[in-house]
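Quick notes on the structure that follows.
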Amino acid sequence: MSISHRVVIVGGGAAGIATAASLLKRRPGLDIAIIEPSDSHAYQPGWTMVGGGVFDVKTTLRSEASVMPKGVKWIKAAAKSFEPDNNLVTLEDGQTVTYDALVVAPGIRLAWEKIAGVEEALGKNGVTSNYRYDLASYTWQLVQGLKKGRAIFGQPPMPIKCAGAPQKAMYLSCDHWRRAGVLGDIEVEFRNAGGVLFGVKDYVPALQSYVDKYGINTHFNQNLIAVDGPGQKATFKTEEGEETVSFDMLHVVPPQVAPQFLADSPLAAESGFTDVDQHTLQHVRYSNVFGLGDAGSMPNAKTMAAARKQAPVVAVNLLQQLDGKSPKAGYDGYGSCPLTVERGKIVLAEFAYGGKLAPSFPEWLIDGTKPQRLSWILKADALPWIYWNGMLKGREWLAGPGGLIAQ
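All the letters of the sequence shown, read from the start, carry residue numbers 420 to 826 under the numbering used here.
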């Protein structure tokens with residue numbers, strides 16, 4: 420059985436829903452279908468706050484039906500393969516869907532299997548991760564219960580979604596331990612597969628000051644490769660070989676890769692992600708295909724804030740394509756990472772391609788390179804509301820399509 424829609428969007432996460440809403444805002448009544456198998460939709464940036472005891476995890480989840488834009492056809496199934504030469508998507512149940520234009524936004528896959536033993540260890544023996552809805556609350560449980568010992572926070576090689584999330588978990592944990600008077604009895608380690616604390620140098624001094632304040636031991640070029648949950652031991656690949664260390668709490672961030680059905684398709688770049696122009700977000704070989712969100716090949720930080728800026732660009736350029744015209748909107752690589760350095764203060768990292776600073780607010784209001792209370796209020800109070808009521812509804816506050824290029 421085959422069905423056909425003018426526009427087909429693969430993925431009903433932040434990027435896919437926002438794109439559909441932005442398209443309908445510009446062209447009401449446009450025939451759009453979203454392929455998404457999940458019943459639920461998560462505000463994933465909230466999981467850091469859950470792990471720090473700030474949010475209740477239930478507030479981060481809503482039904483997929485409740486965020487589906489009115490008038491969009493929801494195809495509740497998983498995509499299996501792409502045939503862009505025939506404008507065709509095949510679903511897991513064998514059904515096919517044809518399109519005039521395709522948007523690829525299936526997100527990124529958490530590759531837990533790349534860390535030996537971790538899947539069996541998660542959720543017990545002190546092993547947790549804010550990258551899973553069902554584990555973020557366990558993170559907070561561990562933080563509250565730990566009075567002494569070793570707490571390790573890992574970070575795998577890039578790309579990962581929200582590159583600051585591993586540190587956010589660590590800083591909020593340390594802040595709680597400091598307030599509880601036990602930080603001096605806990606050995607905190609940050610073991611990062613990368614070579615620097617943060618990829619945009621302007622934000623490093625503020626972050627380093629918190630590393631020093633909390634007495635965190637930093638280890639670079641170290642990647643978690645195995646976990647022994649019952650034995651509470653973690654093995655890291657280092658420049659010298661391998662090192663196995665004991666822990667009382669281990670916060671794991673899994674390696675992340677493109678979904679396999681995308682990586683195996685003609686739409687994939689060598690990286691496995693959707694091969695698109697980094698500015699127009701149009702596929703480099705198939706002009707009626709666009710990609711955004713965590714599954715895109717663009718060299719930007721994979722954050723919800725990036726998808727918020729990308730969705731209007733895809734909407735404008737896809738409509739141009741349907742009308743037989745060239746793309747006219749451009750994405751500048753914007754990403755945002757509100758780094759929760761302590762409860763009540765955030766270093767609001769905002770940057771574009773090349774690490775260029777891209778602040779949304781004047782410096783007198785918010786200086787993103789310094790920890791500020793107003794940035795915390797933005798993340799804790801404003802951004803969840805903007806997500807549910809703005810981004811997913813096609814309201815493009817501070818996110819309109821920019822970077823116009825010649826037609």
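Here a beta-carbon is modelled for each residue, glycine too, at the ideal position from N, C-alpha and C. Bear in mind that the values here come from a model prediction, so they are computed numbers and not experimental data.
For residue j and residue i, the rounded distance between their alpha carbons
i: residue 827; j: residue 503; result: One cannot answer for residue 827 here, as it falls past the ends of the chain, which runs 420 to 826.
i: residue 711; j: residue 726; result: 7 angstroms
i: residue 639; j: residue 613; result: 6 angstroms
i: residue 574; j: residue 743; result: 44 angstroms
i: residue 421; j: residue 510; result: 10 angstroms
i: residue 485; j: residue 690; result: 33 angstroms
i: residue 761; j: residue 505; result: 52 angstroms
i: residue 789; j: residue 796; result: 15 angstroms
i: residue 827; j: residue 763; result: It is not possible to answer for residue 827, since the shown part of the chain is limited to 420 through 826.
i: residue 694; j: residue 687; result: 5 angstroms
i: residue 647; j: residue 665; result: 9 angstroms
i: residue 539; j: residue 566; result: 25 angstroms
i: residue 653; j: residue 663; result: 5 angstroms
Residue i, DSSP secondary structure in three states
i: residue 756; result: strand
i: residue 623; result: helix
i: residue 514; result: coil
i: residue 592; result: helix
i: residue 504; result: helix
i: residue 459; result: strand
i: residue 723; result: helix
i: residue 771; result: coil
i: residue 584; result: helix
i: residue 445; result: helix
i: residue 499; result: strand
i: residue 826; result: Unreliable positioning characterises residue 826 in this predicted model, as indicated by a pLDDT of 35, which lies under 50. A coordinate reading is not provided.
Cutoff 8 angstroms: residue i Cβ touching any chain C Cβ
i: residue 791; result: Judged by its chain identifiers, the structure shown contains no chain C, having just a single protein chain.
Residue i and residue j closer than 8 angstroms at C-beta
i: residue 672; j: residue 555; result: no
i: residue 491; j: residue 451; result: yes
i: residue 602; j: residue 629; result: no
i: residue 438; j: residue 516; result: no
i: residue 676; j: residue 582; result: no
i: residue 776; j: residue 785; result: no
i: residue 442; j: residue 427; result: no
i: residue 735; j: residue 747; result: yes
i: residue 619; j: residue 768; result: yes
i: residue 697; j: residue 718; result: yes
i: residue 643; j: residue 610; result: yes
i: residue 591; j: residue 479; result: no
i: residue 500; j: residue 483; result: no
i: residue 584; j: residue 766; result: no
Chain-order list of residues whose beta-carbon lies under 7 angstroms from that of residue i (same chain, five-residue window excluded)
i: residue 588; result: 467, 470, 549, 558, 572 and 670
i: residue 598; result: none
Identified DSSP bridge partners for residue i
i: residue 424; result: 518
i: residue 642; result: 656
i: residue 568; result: 605
i: residue 429; result: 454 and 523
Proximal residues to residue i (C-beta, below 6 angstroms), its chain only, five neighbours per side dropped
i: residue 737; result: 520 and 709
i: residue 429; result: 454, 498, 523 and 525
Close-in-space but distant-in-sequence residues of the same chain around residue i (CB under 8 angstroms, 5 per side omitted)
i: residue 542; result: 553, 554 and 557
Any non-hydrogen atom of the ligand MN closer than 7 angstroms to residue i Cβ
i: residue 729; result: Absence of the ligand MN from the depicted structure is noted, as is the absence of any ligand whatsoever, leaving it without description.
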